[in-house]
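Using this note's numbering, the first residue of the sequence shown is number 406, and each one after it goes up by one. Glycine included, C-beta positions come from ideal geometry on N, C-alpha and C. Being a predicted model, the structure only gives us computed values, none of them experimental.
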Amino acid sequence: MTASTPSGDATAVPSDDSMSASTADDRDTFLDILDLETHYTDGSLIGADPPVRAVDGVSLSIRRGETLGLVGESGCGKTTLGRTLVGLESATAGSVVVDGEDVTDLSGSDLRAWQRRVGVVFQDPQESLNDRLTVGEIVAEPLEAHDWGTPADREDRVFTLLEQVGLREEHFYRYPHQFSGGQRQRVAIARALALEPEFLILDEPVSALDVSVQARVINLLEELQAELGLTSLFVAHDLSLVRHIADRVAVMYLGNVLEVGSTDRVFADPANPYTRSLLSAIPGSSSPAPESLERVTLNGTPPNPRHPPAGCPFSTRCPAKITPADYPGLSADALGAIETFRDVLRERTRATSGLSDRLKRRLGRSSADRDLDVIATELFDDVDLPTSARAELDRAIATAGTDPAAALAVLEDAFGSVCDRESPAAHAVDDTGRRSRCLRHRPEYDDPRSDLS
Ligand SMILES: Nc1ncnc2c1ncn2[C@@H]1O[C@H](COP(=O)(O)OP(=O)(O)OP(=O)(O)O)[C@@H](O)[C@H]1O
406 MTASTPSGDA TAVPSDDSMS ASTADDRDTF LDILDLETHY TDGSLIGADP PVRAVDGVSL
466 SIRRGETLGL VGESGCGKTT LGRTLVGLES ATAGSVVVDG EDVTDLSGSD LRAWQRRVGV
526 VFQDPQESLN DRLTVGEIVA EPLEAHDWGT PADREDRVFT LLEQVGLREE HFYRYPHQFS
586 GGQRQRVAIA RALALEPEFL ILDEPVSALD VSVQARVINL LEELQAELGL TSLFVAHDLS
646 LVRHIADRVA VMYLGNVLEV GSTDRVFADP ANPYTRSLLS AIPGSSSPAP ESLERVTLNG
706 TPPNPRHPPA GCPFSTRCPA KITPADYPGL SADALGAIET FRDVLRERTR ATSGLSDRLK
766 RRLGRSSADR DLDVIATELF DDVDLPTSAR AELDRAIATA GTDPAAALAV LEDAFGSVCD
826 RESPAAHAVD DTGRRSRCLR HRPEYDDPRS DLS
């Protein structure tokens, strides 16, 4: 955790709330995502948990003909975002605009017409292909579902598709279990292309395959994309792969897109503290991160998407968080310990809010089973704090056992910063249309890159 002080001489950068393409690119936009939310709510009414905010306010444009990479840690909402675009999940707010029409509102034949324009390839071809059908039947499924042509037309189309993805005629009559992983994924790609979609959603399309097979499937996807002029959303964990295949990349954290820009620029000089942390975490010579990037080890794990932080989504782990106004000189260790203690208190607040038994079970053997003053002693034992900061901490510890919410309020008053209170807008961070959401892009602060390189 590093101190950041307001700086008067930083270059002002324009900001707005969107990560969408700039106006100059609008004519090339295929799809505009605006403040999209997909929240999952439990069925039960009494004692229901808050919804899972899987996608929590994403604004993003996908340009015609491009491959947009979507990266981020497991559970950050990548799959949900992709599924919402094609109506496999229902958006709870916001819109997805294609050709001037909001496709999140569609139903019946209008929804089917939109889905026809989109092909989807999922991660695991083992699971996504029905083993009781022949390959010919699998690839013909979408054609039949959309009543495409005559039976003879459909058969011809399937043979063409098999050839297009590098399979042979005789494969038509075989079953998925008779194929290797790479071949099965080729079948899935053929099925996704059956209705000549304009847009492909590729959700971890090669991560279930052997490394030796991955390259061949990726080459196939690249060839098809060029040949058919497709627009693609490529969801992946593997940043090296995204660097190779994507024209632009969007970086997601806790249901939010925190940075989006051309792949070259984002990988050469990530602007957002989360992007920097994500890239710097890849060890070894195959890392796609620039050598100059300081290695950042993040504290803890991402927050529970049912209980995201009030301000910046990354504020509880950010190595470039703006320091509290009253304690600008606190050490990184002190700030880290305070952040961890606040996390413990948040968890305790939730565990004591009337749902304790169920939540405690879900949290497992959590800090809720331990005395808060013991946890505080362990956390702050070796940490230097100024006397006044120590007094605030003691005040919080004194009330933590009986009223963790009050203790949290004491800590937030004393040690909270603007990052705990405000959700960052998107700022243009260079002249290539790259955008990043971080409060430190505001002109009054030092750029976050200044203490993460
Ligand atoms: N049907 C569902 N009901 C409730 N919660 C869900 C559902 N589907 C996903 N989630 C939750 O939504 C959040 C986002 O999940 P999602 O699968 O979209 O993330 P992801 O980034 O694609 O993860 P991964 O890389 O592991 O596939 C997670 O907390 C997940 O547990």
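Asked, Found
"Beta strand (DSSP E) segment containing residue 831, residue limits", "831 to 833"
"8 Å contact criterion, which residue 678 and residue 725 should meet: CB distance rounded", "4 Å"
"Rounded separation between residue 686 and residue 531 - CA only", "30 Å"
"Euclidean distance between Cα positions of residue 721 and residue 826", "12 Å"
"Contacts around residue 811, its chain only, beta-carbon distance under 8 Å, and the 5 residues preceding and following it disregarded", "804"
"Under the three-state DSSP convention, the category residue 748 falls into", "helix"
"Residue 459: CB within 6 Å of a non-hydrogen atom of ligand 1", "yes"
"Residue span of the beta strand (DSSP E) that contains residue 790, given as start and end", "Run containing residue 790: none; DSSP gives neither H nor E here."
"Touching by the beta-carbon criterion (3+ pairs, under 8 Å), the stretch 606 to 613 and the stretch 562 to 577", "no"
"Alpha-carbon to alpha-carbon, residue 543 and residue 550", "11 Å"
"Close beta carbons around residue 794, own chain, < 8 Å, minus the five adjacent residues each side", "732, 735, 739, 819 and 820"
"Rounded separation between residue 801 and residue 729 - CA only", "16 Å"
"Buried or exposed by the 16-neighbour rule on C-beta atoms within 10 Å, applied to residue 619", "buried"
"Own chain residues within Cβ distance below 7 Å of residue 596, not counting five before or after", "543, 544, 546 and 547"
"With 16 other Cβ atoms within 10 Å as the buried cut-off, status of residue 673", "exposed"
"Those runs of the alpha helix (DSSP H) which lie wholly inside the stretch 550 to 609 and span at least 4 residues", "556 to 569 and 586 to 598"
"Any C-beta of chain D under 7 Å from that of residue 803", "In the structure shown, chain D cannot be found, because there is only a single protein chain."
"Same chain only: Cβ atoms within 8 Å of residue 670, ignoring 5 sequence neighbours per side", "835, 837 and 839"
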